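Below is one structure; the comments refer to it alone.
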Amino acid sequence: MSKIFTPESLGELHADGKLFGVIGFPVQHSLSPIMHAAAFEKLGLKAQYVPVEIPPEKLRETVALMAKKPFAGWNCTLPHKIELAKLVDELAESAQKLGGVNTVLNDNGRLVGFNTDGEGWVRAIREEFSLDVRDLRILILGAGGAGQALAKQAALERCEKLVLVNRTEEKVRELASSLAPYFDTQKLMGADARLKVVPWDETLIAKELDQIDLLVNATSIGLKASDAAVLPARILQPHLCVYDTIYRPAKTRLLAAAEEAGARGANGLSMLLHQGALSFEIWTGQSAPLMAMRQALKKAVNI
Ligand code: NDP
52 MSKIFTPESL GELHADGKLF GVIGFPVQHS LSPIMHAAAF EKLGLKAQYV PVEIPPEKLR
112 ETVALMAKKP FAGWNCTLPH KIELAKLVDE LAESAQKLGG VNTVLNDNGR LVGFNTDGEG
172 WVRAIREEFS LDVRDLRILI LGAGGAGQAL AKQAALERCE KLVLVNRTEE KVRELASSLA
232 PYFDTQKLMG ADARLKVVPW DETLIAKELD QIDLLVNATS IGLKASDAAV LPARILQPHL
292 CVYDTIYRPA KTRLLAAAEE AGARGANGLS MLLHQGALSF EIWTGQSAPL MAMRQALKKA
352 VNI
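When we follow our numbering, the leftmost residue of the sequence shown carries the number 52, and every step to the right adds one.
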């Protein structure tokens, strides 16, 4: 485990080579330091990647400090993605469209914010199922930070159909209104059928699944060992691809339910990998060594 820095202890940091990091609160759960260290080592780059825990009230001053330290770039995890977007000098198109920043590039003191979460997920779906998000009828459970980013990315890709389900329905209704313009063109179905909000109700969800290719769990149900599957095997169907954004445990209850139903399933490790690989490419201009990064992640989560 890498030493965790704080706004107060950043002064003790003496980088040997380029400096990168991940900011969050808390940050000790992040696997990014392990993944990026493996990438730097594989390519023989002299660089260090450190976790920095920043309480929300210290975000502004610490970001200014990190720009001068100097960090060449950093990742950002909960709960800072939205606030960070207000603190950078420029937002790349990905961050403008997804509405938060998970990657910062320090271009000689000028901070550029990117969001690689959406594209990382698209690559993960391609890798896991050999499918393109734009061709799919997708149902996303959850509309927190992750669910919103994935729904926006699915809309940007102009996927065939998007069904949004969240326990707090008003949250997902707002999201759907903001995405409506992406679904106003004819694809195979009319506009109304292409974007839908469905209540958190097992019977209604089960009915929707007849016309869905990709089911995504973007809720936090499954993180705790005591959690039941977010949806039971009896309503899943063999034609579904099931993507659980959770990767610890590797076989979540939902993935076990998918297997029982004869459906294909994959966990969120590939999403973590690909968002990280895209960050790496933004910072270094080099292709990320995916194999080394994946191995480091798998080792860290005991797969
Ligand atoms: P948030 O806290 O922002 O959102 C949590 C979501 O889960 C909300 O939609 C919430 O619904 C829902 N939820 C929580 N408890 C329940 C419940 N008991 N019943 C129904 N719905 C519930 O978290 P994030 O969006 O940041 O993270 C969501 C998941 O995505 C996590 O499991 C996280 O591990 C995963 N993730 C994976 C990543 C990866 O790289 N693989 C990256 C980022 C996240 P409501 O709105 O009603 O509260």
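Backbone N, C-alpha and C fix where the C-beta goes; we use that ideal spot for every residue, glycine too.
Predicted, not measured: the structure shown is a model, and the values here were computed from it.
### Query
So what does DSSP say about W334, is it helix, strand or coil?
Sequence index remark: in the sequence shown, residue 334 carries index 283 (1-based). Three-state DSSP puts W334 in a helix.
### Message
So, for G95: in the same chain, excluding its five sequence neighbours on each side, which residues have a beta-carbon less than 8 Å away from its beta-carbon?
### Response
Here residue 95 corresponds to residue number 44 of the sequence shown, with the count starting at 1. Excluding residues within five positions, none has a Cβ falling inside 8 Å.
### Task
Spell out a yes or no on whether the stretch 113-121 and the stretch 52-72 are touching, meaning 3 or more CB-CB pairs, one atom from each, closer than 8 Å.
yes
### Message
So, with DSSP's three-state summary, where would you put T303?
### Response
Numbered from its first residue, the sequence shown carries residue 303 at position 252. Coil, per DSSP.
### Task
Enumerate in chain order the residues of its own chain whose CB-to-CB distance from L329 is below 7 Å, with the five nearest sequence positions on each side excluded.
Counting from 1 along the sequence shown, the entry for residue 329 is found at position 278. Cβ neighbours of L329 beyond the five flanking positions: T167, E170 and G171.
### Query
By Cβ distance below 6 Å, which residues in the same chain neighbour K407 in space, the five residues on each side in sequence not counted?
Because residue 407 is not part of the residues shown, which for the chain are 52 to 354, the question remains open.
### Residue range of the alpha helix (DSSP H) that includes L135
By one-based count along the sequence shown, residue 135 stands at place 84. From DSSP, the alpha helix (DSSP H) with L135 extends over K132 to L138.
### Query
How is F122 classed by DSSP in three states: helix, strand or coil?
In the sequence shown, the residue the question calls residue 122 occupies position 71. Reduced to three states, the DSSP call for F122 is coil.
### Message
Please state whether the Cβ-Cβ distance between A136 and A143 is less than 8 Å.
### Response
Position 85 of the sequence shown, counted from the start, is the residue given in the question as residue 136. Position 92 of the sequence shown, counted from the start, is the residue given in the question as residue 143. Going by C-beta atoms, A136 is not nearer than 8 Å to A143.
#### Entry: Near the ligand NDP: T296 beta-carbon under 7 Å from a heavy atom
Position 245 of the sequence shown, counted from the start, is the residue given in the question as residue 296. Yes, the beta carbon of T296 sits closer than 7 Å to at least one heavy atom of the ligand NDP.
### Query
Per DSSP, what kind of secondary structure is V103 in: helix, strand or coil?
Along the sequence shown, one-based indexing puts residue 103 at 52. V103: strand per DSSP, three-state reduction.
### Query
Does DSSP put D183 in a helix, in a strand, or in coil?
One-based indexing of the sequence shown puts residue 183 at position 132. Here D183 sits in coil by DSSP.
#### Entry: Three-way DSSP call (helix, strand, coil) for G273 in this model
Here residue 273 corresponds to residue number 222 of the sequence shown, with the count starting at 1. Of the three classes helix, strand and coil, the one that applies to G273 here is coil, per DSSP.
### Where A242 falls: helix, strand or coil (DSSP)
Position 191 of the sequence shown, counting from 1, holds the residue named residue 242. Any reading at A242 needs caution, since the residue's pLDDT is 48, under 50, leaving its predicted position unreliable; the model's value is listed next. Correct three-state label for A242: helix.
### Query
Quick one, are the C-beta atoms of A33 and A343 less than 8 Å apart?
Nothing about residue 33 can be reported from this structure: the residues present for the chain run from 52 to 354 only.
### Task
For R218, write down the residues that DSSP places opposite it in a beta bridge.
As a position in the sequence shown, residue 218 is number 167, starting the count at 1. Per DSSP, none; premise fails for R218.
### Message
Taking the beta strand (DSSP E) that R188 belongs to, which residues open and close that run?
### Response
The residue given as residue 188 occupies position 137 in the sequence shown. Its beta strand (DSSP E) spans residues R188 to L192.
### Message
Using the Cβ count rule (16 or more neighbours within 10 Å means buried), how would you classify H325?
### Response
Residue numbering aside, residue 325 sits at position 274 when the sequence shown is read from its first letter. Its Cβ being crowded by 16 or more others within 10 Å, H325 is buried.
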